[in-house]
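Asker: Mind having a look at this structure? Questions to follow.
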Amino acid sequence: MTSTRSASAPAAAAPPPPGSGSLTATQRRLGRDWRLAALFLAPTAVLVGGLVLVPIAWSIVTSTTERHGQHSVFVGLANYAALADDEQFRTGVVNSFVFTAYAEVFKVVLGLSAALLLHQLRRGRAVLAGLLLLPWVVPTVVTAFSWRALLDPIFGSVNILLTDSGIGPLLARAHLVDAWPAGWLSEASLAMPSVIGVNVWKGVPFFTVAFLAGLKAIPADLYEAATVDGASPWQRFAHVTLPGLRHVITVTVTLSSIWTFNNFDLIWLLTQGGPGNATAPYVLVAYSKAILQLQYGAGAAVTLVMLPVIGGLVYVLVRLLRRDAGTEPPRRARRARAARKARTASTARTARKALPWAVTAVVAGLLVWASPHIAWKAALLLGVLLLVAAAVGRVVSALGARGNRRSSSLVSGLASGAALAVLLLFVLAPLYWIAVTAFKSEGQIVMRVHDLWPTPWTLQQFTDLFATKPFGRWYVNTVLVSVASTVVALVCAALAGYALARLRFRGAQGFTVTVLITYVMPGALLFIPLYQLLIGARLTDSLWSLVVTYPTFTLPFATWLLTGYFASIPVELEEAALVDGCTRLQAFGRVVLPLAKPGLLAVALFTLTNAWNEFLFAFVFITKDEYKTLPVGMQSMITGDVVPQGQLAAASLLVSIPVVIMYAFGQRFLTEGLTAGAVKG
Numbered sequence: 001m002t003s004t005r006s007a008s009a010p011a012a013a014a015p016p017p018p019g020s021g022s023l024t025a026t027q028r029r030l031g032r033d034w035r036l037a038a039l040f041l042a043p044t045a046v047l048v049g050g051l052v053l054v055p056i057a058w059s060i061v062t063s064t065t066e067r068h069g070q071h072s073v074f075v076g077l078a079n080y081a082a083l084a085d086d087e088q089f090r091t092g093v094v095n096s097f098v099f100t101a102y103a104e105v106f107k108v109v110l111g112l113s114a115a116l117l118l119h120q121l122r123r124g125r126a127v128l129a130g131l132l133l134l135p136w137v138v139p140t141v142v143t144a145f146s147w148r149a150l151l152d153p154i155f156g157s158v159n160i161l162l163t164d165s166g167i168g169p170l171l172a173r174a175h176l177v178d179a180w181p182a183g184w185l186s187e188a189s190l191a192m193p194s195v196i197g198v199n200v201w202k203g204v205p206f207f208t209v210a211f212l213a214g215l216k217a218i219p220a221d222l223y224e225a226a227t228v229d230g231a232s233p234w235q236r237f238a239h240v241t242l243p244g245l246r247h248v249i250t251v252t253v254t255l256s257s258i259w260t261f262n263n264f265d266l267i268w269l270l271t272q273g274g275p276g277n278a279t280a281p282y283v284l285v286a287y288s289k290a291i292l293q294l295q296y297g298a299g300a301a302v303t304l305v306m307l308p309v310i311g312g313l314v315y316v317l318v319r320l321l322r323r324d325a326g327t328e329p330p331r332r333a334r335r336a337r338a339a340r341k342a343r344t345a346s347t348a349r350t351a352r353k354a355l356p357w358a359v360t361a362v363v364a365g366l367l368v369w370a371s372p373h374i375a376w377k378a379a380l381l382l383g384v385l386l387l388v389a390a391a392v393g394r395v396v397s398a399l400g401a402r403g404n405r406r407s408s409s410l411v412s413g414l415a416s417g418a419a420l421a422v423l424l425l426f427v428l429a430p431l432y433w434i435a436v437t438a439f440k441s442e443g444q445i446v447m448r449v450h451d452l453w454p455t456p457w458t459l460q461q462f463t464d465l466f467a468t469k470p471f472g473r474w475y476v477n478t479v480l481v482s483v484a485s486t487v488v489a490l491v492c493a494a495l496a497g498y499a500l501a502r503l504r505f506r507g508a509q510g511f512t513v514t515v516l517i518t519y520v521m522p523g524a525l526l527f528i529p530l531y532q533l534l535i536g537a538r539l540t541d542s543l544w545s546l547v548v549t550y551p552t553f554t555l556p557f558a559t560w561l562l563t564g565y566f567a568s569i570p571v572e573l574e575e576a577a578l579v580d581g582c583t584r585l586q587a588f589g590r591v592v593l594p595l596a597k598p599g600l601l602a603v604a605l606f607t608l609t610n611a612w613n614e615f616l617f618a619f620v621f622i623t624k625d626e627y628k629t630l631p632v633g634m635q636s637m638i639t640g641d642v643v644p645q646g647q648l649a650a651a652s653l654l655v656s657i658p659v660v661i662m663y664a665f666g667q668r669f670l671t672e673g674l675t676a677g678a679v680k681g
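Mapping to full-length UniProt numbering: the sequence shown position 338 is 338, numbers consecutive.
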């Protein structure tokens, strides 16, 4: 779960401390607190600069070289020119676009539907929201292995259930699948839709929680006024709900699109880009060229040629978050206001209404061109969902118009209950399969007897896991790396967040934007140059390689969140400490940090779970068994077509339990930290 709204004006400076006296020439030029700000920001600046900005610059240089034996030769733009005729690269770009576009459409539809259903509940909302959050919480490696087992063409429960219910043969007769039983991950026509479906399963909770927070922020009197004016449920949704959620939807979709477009771990763990290159995204193409073929220049060119796409999404996100935080520069704000006044109201409304439809039409056309075999199936599924929703809404409205409120409420309640039941089944079924499979005997798993319940219950899979695999070592490695990287991120983020929220110095706004940009920059841009730097420093195949590189994706978010939290603490408390004789450092340690405990715990929870679940860097940087972390170690348990389902289920359970417990016990601090920091999601 990640933020969809930025902290409030993190660069806003606090009033000067009492007794500060007159400013020196240097202070007038660089800001009153520039010395302390430099001290507080130095660790974050070194890590972000050394682990993000420098690697990106190094990647640009690398992309102009070609490896000849032990030496690299400058080739200019030859690597970029070669991509024009590279069929694998073109397929990877199309796959990334198709994967992202379909996944975002279904995550928005299902996430918004789930949020609307939960928003109407008076009881049990927190429990259901917690259950729906589980797919987002569990590690990606657990998601991949559970769905691989469920979608297995012979032993998978999906095919068995669809066959027994008669739905499977019906799908074949309707040409939704080529044959039955279906090879969901092994057939080229079904692999991409299956991978998209798994990504939707994991991503819907993020959208649900974000939209649920947005719905709570819409004033109830708007719905009351619309009802008094005779608006139907659809009209209230179209003219009140959607406009109220416009900002949340835009930010959430943009942020999720960046993650999905650069997804590597889920696709690799499910299909490794197969069959053929049917599901290989551009990130996997870069990995193949740089790591497997040792052509760093070609791999770097693959990632950098996609930088304009990622940069466009990042630009939109930064503009949205900065505008929401009220941090738009005054000159730009004045120009924007002048431009808005120059336009007529009708022209502005027309443009706002036309733009989403134009974007939708362009994306839909590209999807039909890029994946015609998926487009009509996706349109059919969306059409069925919308028709069912429209039919229920029409029945409820008709009953309400006739004055039969009791029947209207009954139909609405039954429909909502059925929809929630289907949603919970979709969300919880894979997790239930993991839990019961972990306690089955090997014979029961192979023979497929009593598939939905262990008969008898046994700990065989757990004992075999620790006896035949270095699972305990992987566990210790993961704990050490996660705790170490969390401590580094927490200390650096606390110092930088305080400086950005409280201290007055030149460049605060630029540093804040840089932190936000590095937060959303994908690992796909970094793993190649970081791999080269680690080889040069002889840190590959060591836990230090992970401790050093994990702050690239934990530190920026931690800094961003704590900046907002520190800004929410009343500055008068700190001023009172300064009046009593405390220095800035003493006020920070004795007043601000104790009050920021919820924010610090929220950051610790996020960074710890992100490090616990990380796959790409650990997969690239670590090859020896004794240094592997849990996600990479579990992936190595599969040898060819031999998949130890029982041991993987036991491992998945042991990997997921700590994360679920942390979120369960830290939920209060997490909610308080995010709310006080003005971060929704």
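Even glycine gets a Cβ: it sits at the ideal position worked out from N, Cα and C.
DSSP three-state call for T639: helix, strand or coil?
Answerer: Three-state result, T639: strand.
Asker: Quick check: the Cα distance between G417 and V411, rounded to an integer number of angstroms?
Answerer: One C-alpha to the other measures close to 10 Å.
Asker: Among A494, Q272 and L423, which has the Cα closest to the Cα of G640?
Answerer: Answer by Cα proximity: Q272.
Asker: Decide if the stretch 473-493 is in contact with the stretch 624-644; the criterion is three or more beta carbon pairs, one per stretch, under 8 Å apart.
Answerer: Touching, yes, given that three or more Cβ pairs across the two stretches are closer than 8 Å.
Asker: Sorted by chain position, which residues of the same chain lie with C-beta nearer than 8 Å to M192's C-beta, five sequence neighbours on each side aside?
Answerer: The answer, listed in chain order, is N95, V98, F99, A278, T279, S371 and I374.
Asker: Report the partner residues of R125 according to the DSSP bridge assignment.
Answerer: In DSSP, R125 forms no bridge with anything.
Asker: Who are the near neighbours of L490 in its chain, counting only those whose CB is closer than 8 Å to its CB and skipping five residues on each side?
Answerer: Cβ within range, chain order: A558, L600, V603, A604 and T607.
Asker: Which of helix, strand or coil does DSSP assign to E224?
Answerer: E224 falls in the helix class under three-state DSSP.
Asker: Smallest Cα separation from residue 728: which of V158, S409 and L465?
Answerer: Any question about residue 728 goes unanswered here, given that the chain covers just 1 to 681.
Asker: Tell me whether the beta-carbon of G168 lies closer than 8 Å to the beta-carbon of P181.
Answerer: Yes, Cβ-Cβ distance for G168 and P181 is below 8 Å.
Asker: Under 8 Å between the Cβ atoms of W560 and V487?
Answerer: For W560 and V487, no; Cβs fall outside 8 Å.
Asker: Verify whether the separation of the beta carbon atoms of A298 and V481 is less than 8 Å.
Answerer: Not closer than 8 Å, so no.
Asker: Roughly how many angstroms lie between the CA atoms of G183 and K202, to the nearest whole one?
Answerer: Those two C-alpha atoms are separated by around 21 Å.
Asker: What residue ranges within the stretch 235-313 form continuous alpha helix (DSSP H) runs of no fewer than 4 residues, ordered along the chain?
Answerer: You should have 242-261, 265-270, 282-287 and 296-305.
Asker: In this structure, does DSSP put residue 691 in helix, strand or coil?
Answerer: The structure shown does not extend to residue 691, since the chain spans only 1 to 681, so no value can be given for it.
Asker: Suppose you measure from the CA of V54 to the CA of V302; what does that come to, to the nearest Å?
Answerer: Cα-Cα distance, rounded: 18 Å.
Asker: Which of helix, strand or coil does DSSP assign to S72?
Answerer: DSSP places S72 in strand when its eight states are reduced to three.
Asker: Which first and last residues belong to the alpha helix (DSSP H) in which S416 is found?
Answerer: Counting along the chain, the alpha helix (DSSP H) containing S416 begins and ends at R405 to T437.
Asker: For R67, which three-state DSSP category applies?
Answerer: Strand at R67.
Asker: Distance, Cα to Cα, Q88 vs L294?
Answerer: Those two C-alpha atoms are separated by around 17 Å.
Asker: Does the separation of the CB atoms of L525 and L134 fall below 8 Å?
Answerer: The answer is no: Cβ separation not under 8 Å.
Asker: Could you check if M447 is buried or exposed, using at least 16 other CB atoms within 10 Å of its CB as the buried criterion?
Answerer: It counts as exposed.
Asker: Alpha carbon to alpha carbon, how far is S63 from Y663? Give it in angstroms, no decimals.
Answerer: So the two alpha carbons sit approximately 41 Å from each other.
Asker: Could you give the DSSP three-state label for G633: helix, strand or coil?
Answerer: Looking at G633 - three-state DSSP - the assignment turns out to be helix.
Asker: Using 8 Å as the Cβ pair cut-off and three pairs as the minimum, do the stretch 499-518 and the stretch 532-544 touch?
Answerer: Contact between the stretch 499-518 and the stretch 532-544 is absent, because fewer than three Cβ pairs lie under 8 Å.
Asker: Around the Cβ of E224, are there at least 16 other Cβ atoms within 10 angstroms (buried) or fewer (exposed)?
Answerer: Exposed, because fewer than 16 other Cβ atoms sit within 10 Å of the Cβ of E224.
Asker: Could you check whether L47 and A144 sit closer than 8 Å to each other, using their CB atoms as the reference points?
Answerer: Result no, Cβ atoms of A144 and L47 do not sit closer than 8 Å.
Asker: In whole angstroms, what is the alpha-carbon distance linking A220 and A231?
Answerer: Taking the straight line joining both Cα atoms gives about 15 Å.
Asker: Since I believe L117 is in contact with L420 (beta carbons under 8 Å), could you give me their beta-carbon distance rounded to a whole number of angstroms?
Answerer: With a Cβ gap of about 5 Å, L420 and L117 count as contacting.
Asker: Is it the case that the stretch 202-218 contacts the stretch 233-248, given that we only count it when at least three CB pairs across the two stretches are under 8 Å?
Answerer: Taking 8 Å as the limit for Cβ pairs, the verdict is that the stretch 202-218 does touch the stretch 233-248.
Asker: L150 to S72, Cα distance in whole Å?
Answerer: Roughly 46 Å between the two C-alpha positions.
Asker: Indicate the three-state DSSP secondary structure (helix, strand or coil) for W474 in the structure shown.
Answerer: Reduced to three states, the DSSP call for W474 is helix.
Asker: Going along the chain, which residues of its own chain have a beta-carbon closer than 6 Å to the beta-carbon of T241, five neighbours each way excluded?
Answerer: Cβ neighbours of T241 beyond the five flanking positions: none.
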